[in-house]
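Under this note's numbering, the residue at position 218 of the sequence shown is numbered 257, and the numbers go up by one with no gaps. Each residue gets a CB set at the ideal place from its N, CA and C atoms; glycine is no exception. Quick caveat: nothing in here was measured; it's all calculated off a predicted structure. Okay, so here's the structure we're looking at.
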Amino acid sequence: MNTNETDREAVMKAEAQNAFIFWNHPGWQPGIAGSYEWLPFIEDLYKNKALDGIEVVNGTGFHMKALDWCIDKNLTVMGSTDVHNLISLSYDNSRDYVHRTMTLVLVRDNTPESVREALDARRTVAWASKYLMGKEENVRSLFNACVEVLPSHHSETNREGKTIKYYQIRNNSDLYFEMERTAGNGPGRIVLYPQSSQVIAAESGQPVYSVVTTYVRSDKHLSVNLLLP
Numbered sequence: 040m041n042t043n044e045t046d047r048e049a050v051m052k053a054e055a056q057n058a059f060i061f062w063n064h065p066g067w068q069p070g071i072a073g074s075y076e077w078l079p080f081i082e083d084l085y086k087n088k089a090l091d092g093i094e095v096v097n098g099t100g101f102h103m104k105a106l107d108w109c110i111d112k113n114l115t116v117m118g119s120t121d122v123h124n125l126i127s128l129s130y131d132n133s134r135d136y137v138h139r140t141m142t143l144v145l146v147r148d149n150t151p152e153s154v155r156e157a158l159d160a161r162r163t164v165a166w167a168s169k170y171l172m173g174k175e176e177n178v179r180s181l182f183n184a185c186v187e188v189l190p191s192h193h194s195e196t197n198r199e200g201k202t203i204k205y206y207q208i209r210n211n212s213d214l215y216f217e218m219e220r221t222a223g224n225g226p227g228r229i230v231l232y233p234q235s236s237q238v239i240a241a242e243s244g245q246p247v248y249s250v251v252t253t254y255v256r257s258d259k260h261l262s263v264n265l266l267l268p
């Protein structure tokens, strides 16, 4: 990154006007030595509170190290498209789960002021294809708002004397969730398609699932407990 005092002056003037400033696609040229690092210019902005967030996902590129920076330094997670051509050349909307990458902002109400408040409070999740990236508390809130398990509507006892119950699990959103069980009893894998529901069979309990289509760090998926009473 080639920077000089003029660059810094321009950013600080934007900060003085209460601009929301984020670092766009820090890992777009990983082949250039030293380009995908926490740079001195960025550190200077960060120390002077002139850096609000980082673009963790740019188009179809997931800058995984940038997600960790956001979490460790309490910066806002951003996702955007950065299209330089016609949208149709970059995104084939005839295919499933193809859409422009975007930032989901967890607002309190539908006003510009609420959007800015949420951005400043770091309440965002990046959404790209089937994947969600963000701070754990934000991804968890989003998952909990989208997915619900209804009370068991039927049960039966098998030959081993175990009572198996049948639960309906719903995905009330346009998001896609793929889950793999890591502890407890229940289906080994659950795929929750957008705006869909399905029946799962399991014993009562709280099986733990890793939502493998989410990232709450570069090397960590969201872990959730399904309450199956």
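Within-7 Å CB hit, residue i to chain C
| i | result |
| --- | --- |
| Arg-162 | Any reference to chain C falls outside this structure, which holds one protein chain only. |
Classification of residue i by the beta-carbon crowding that lies within 10 angstroms, buried from 16 upward
| i | result |
| --- | --- |
| Ser-119 | buried |
| Leu-125 | exposed |
| Ile-81 | buried |
| Val-230 | exposed |
| Gly-173 | buried |
| Arg-134 | exposed |
| Leu-158 | buried |
Cβ pair residue i, residue j closer than 7 Å
| i | j | result |
| --- | --- | --- |
| Thr-115 | Leu-171 | no |
| Gly-98 | Asp-121 | yes |
| Tyr-205 | Val-238 | yes |
| Leu-84 | Leu-78 | no |
| Ser-235 | Asn-210 | yes |
| Val-164 | Leu-181 | yes |
| Ser-249 | Thr-221 | yes |
| Lys-169 | Tyr-136 | yes |
CA-to-CA distance, residue j to residue i, given in whole angstroms
| i | j | result |
| --- | --- | --- |
| Arg-70 | Asp-107 | Residue identity differs from the one stated: residue 70 is Gly in this sequence, not Arg. Using only the alpha carbons, I get a separation of about 20 Å. |
| Leu-189 | Leu-266 | 10 Å |
| Pro-65 | Met-103 | 10 Å |
| Pro-246 | Glu-217 | 15 Å |
| Gln-68 | Pro-233 | 34 Å |
| Glu-48 | Glu-54 | 10 Å |
| Thr-196 | Ile-208 | 21 Å |
| Ser-191 | Arg-161 | 37 Å |
| Ala-184 | Asn-149 | 17 Å |
Can you find at least 3 beta carbon pairs, one from the stretch 88-97 and one from the stretch 51-66, that sit closer than 8 Å? yes
Can we say the stretch 140-150 touches the stretch 168-186, given the rule of at least three CB pairs closer than 8 Å? yes
The stretch 189-200 / the stretch 221-228 touching (three or more Cβ pairs under 8 Å): no
Only counting runs of 3 or more residues, tell me where the beta strand (DSSP E) segments fall wholly within the stretch 114-195, in order along the chain. 115-119, 141-144, 163-167, 170-173 and 186-188
For the stretch 40-78, which segments carrying the alpha helix (DSSP H) assignment without a break, of at least 4 residues, lie completely within its bounds, in sequence order? 44-55
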